[in-house]
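Top to bottom, those sequences are chains A and B.
Position 38 of the first sequence, counting from 1, maps to 42 under my numbering, and the rest follow consecutively.
Position 12 of the second sequence, counting from 1, maps to 414 under my numbering, and the rest follow consecutively.
Let me begin by presenting the structure, written as structure tokens, before commenting on it.
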Amino acid sequence: DAGVIQSPRHEVTEMGQEVTLRCKPISGHDYLFWYRQTMMRGLELLIYFNNNVPIDDSGMPEDRFSAKMPNASFSTLKIQPSEPRDSAVYFCASSRGRSSYEQYFGPGTRLTVT
Amino acid sequence: ILNVEQSPQSLHVQEGDSTNFTCSFPSSNFYALHWYRWETAKSPEALFVMTLNGDEKKKGRISATLNTKEGYSYLYIKGSQPEDSATYLCAPAGGGADGLTFGKGTHLIIQP
């Protein structure tokens with residue numbers, strides 16, 4: 005298996021633009037997680053899905069952030085409009101089951117909003 | 403959101419020495435405790451997932467123990483090697499949620 009795939013790997017955009025980050029989980033994994041990593045807050049959970057259904061989005065910072073999982077092999081995280089404080093590395097991870105299973109992380113998308 | 407404390411924040415160890423560090427988390431509503439290894443410019447990689455009080459897991463020179471009653475876990479590295487240099491993250495899951503709350507990590511540097 006190729007592992008968790010994320011695209012793009014790097015994204016530079018101007019404030020106010022829409023940004024879409026993409027993730028393909030490992031085949032057969034029922035759980036998908038979106039994390040954000042910043043120097044100040046470390047690695048924090050934004051939202052997670054179970055069988056394509058959003059379960060907990062309490063970590064999504066504000067209404068400018070939205071996430072979807074239209075099928076078992078694809079998820080998006082959208083920021084509209086983007087702001088400089090959204091600059092961070094965004095990771096997608098997947099796992100076979102609940103929290104007693106290890107999570108496999110993608111390579112991350114480094115987002116810079118100018 | 404769980405309160406997760408990792409100590410020390412950073413650690414310099416001589417090659418060949420053994421070391422350990424701590425993860426503290428709320429003991430109530432505990433479900434699982436994860437340890438991840440995160441090398442610079444890479445993604446976090448799972449080391450262990452532990453669920454039972456008294457659990458002890460081992461992978462090569464790295465091992466971990468779990469105390470769910472008092473809310474802590476130790477990670478041990480025996481005979482440190484330069485390739486062990488990384489940030490080690492712990493993340494408990496609890497309260498019925500499947501998402502993980504990560505600590506800030508222990509940044510380990512092995513000096514040749």
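Heads up, the beta-carbon is just placed ideally off N, CA and C, and yes, glycines get one too.
Beta-carbon proximity check, residue i vs residue j, cutoff 8 Å
i      : j      : result
A/P29  : A/T113 : no
A/S104 : B/T453 : yes
A/Y108 : A/A92  : no
B/W526 : B/F450 : Chain B is shown only over 403 to 514; residue 526 of chain B falls outside these bounds and no answer can be derived.
A/V23  : A/K82  : yes
Of the residues the options, the one placed nearest residue i, counting alpha carbons only
i      : options                        : result
B/C492 : B/P514, B/E447, B/N431         : B/E447
B/H509 : B/L404, B/N405, B/L413, B/V406 : B/L413
B/A434 : B/K461, B/S420, B/G456         : B/G456
B/V406 : A/L115, A/G20, A/I59, A/E48    : A/E48
B/T421 : B/F504, B/L502, B/S482         : B/S482
B/I479 : B/Q408, B/P410, B/S409, B/D419 : B/D419
A/R40  : A/T118, A/Y94, A/G101          : A/Y94
B/T424 : B/F450, B/A466, B/E441, B/N431 : B/A466
B/F432 : B/A495, B/Q408, B/E485         : B/A495
A/M64  : B/G501, B/V415, B/Q416         : B/G501
B/A499 : A/A76, A/D60, A/W38, A/E18     : A/D60
A/F53  : A/L25, A/S86, A/R102           : A/R102
B/F427 : B/K460, B/I511, B/Y474, B/R463 : B/Y474
A/S86  : A/S79, A/S70, A/F78, A/S77     : A/S70
B/Q411 : B/S445, B/A443, B/K444, B/G505 : B/G505
B/A460 : B/S445, B/S429, B/Y476         : In the sequence as presented, Ala is not what sits at residue 460 of chain B; that position holds Lys. Nearest of B/S445, B/S429, B/Y476 to B/K460, Cα basis: B/Y476.
B/I511 : B/S430, B/L404, B/Q416         : B/Q416
A/A76  : A/H14, A/Y35, A/E22, A/L25     : A/Y35
Secondary structure of residue i, DSSP reduced to three states
i      : result
A/P88  : helix
B/E458 : strand
B/E447 : strand
A/D60  : strand
B/E441 : coil
A/E106 : coil
A/E15  : strand
B/E407 : strand
B/E485 : helix
A/T3   : The structure shown does not extend to residue 3 of chain A, since chain A spans only 5 to 118, so no value can be given for it.
B/F504 : coil
A/M43  : coil
B/F427 : coil
Classification of residue i by the beta-carbon crowding that lies within 10 angstroms, buried from 16 upward
i      : result
A/M44  : exposed
B/A488 : buried
A/T42  : exposed
A/M73  : buried
A/E15  : buried
Check: residue i C-beta below 7 Å from any heavy atom of the ligand ADP
i      : result
B/N422 : The model on display carries no ligand, and the ligand ADP is accordingly not part of it.
Pull out every residue of the stretch 94–110 of chain A whose Cβ sits closer than 9 Å to any Cβ of chain B, in chain order.
Result list: F95, A97, S99, G101, R102, S103, S104, Y105, E106, Q107, Y108, F109, G110.
Anything in the stretch 54–67 of chain A with a Cβ closer than 9 Å to a Cβ of chain B? List those residues in chain order, please.
N54, I59, D60, S62, G63
If the cut-off is 9 Å on Cβ atoms, which residues from the stretch 405–423 of chain B count as contacting chain A, listed in chain order?
So the list is empty, because no residue satisfies the distance condition.
Proximal residues, the stretch 30–45 of chain A versus chain B, C-beta separation under 7 Å
Y35, F37
Could you list the residues in the stretch 456–485 of chain B with a C-beta less than 8 Å from some C-beta on chain A, going in chain order?
none
Compile a chain-ordered list of the residues in the stretch 65–92 of chain A whose CB is closer than 9 Å to at least one CB of chain C.
Protein chains in the displayed structure are A and B, and chain C is not among them.
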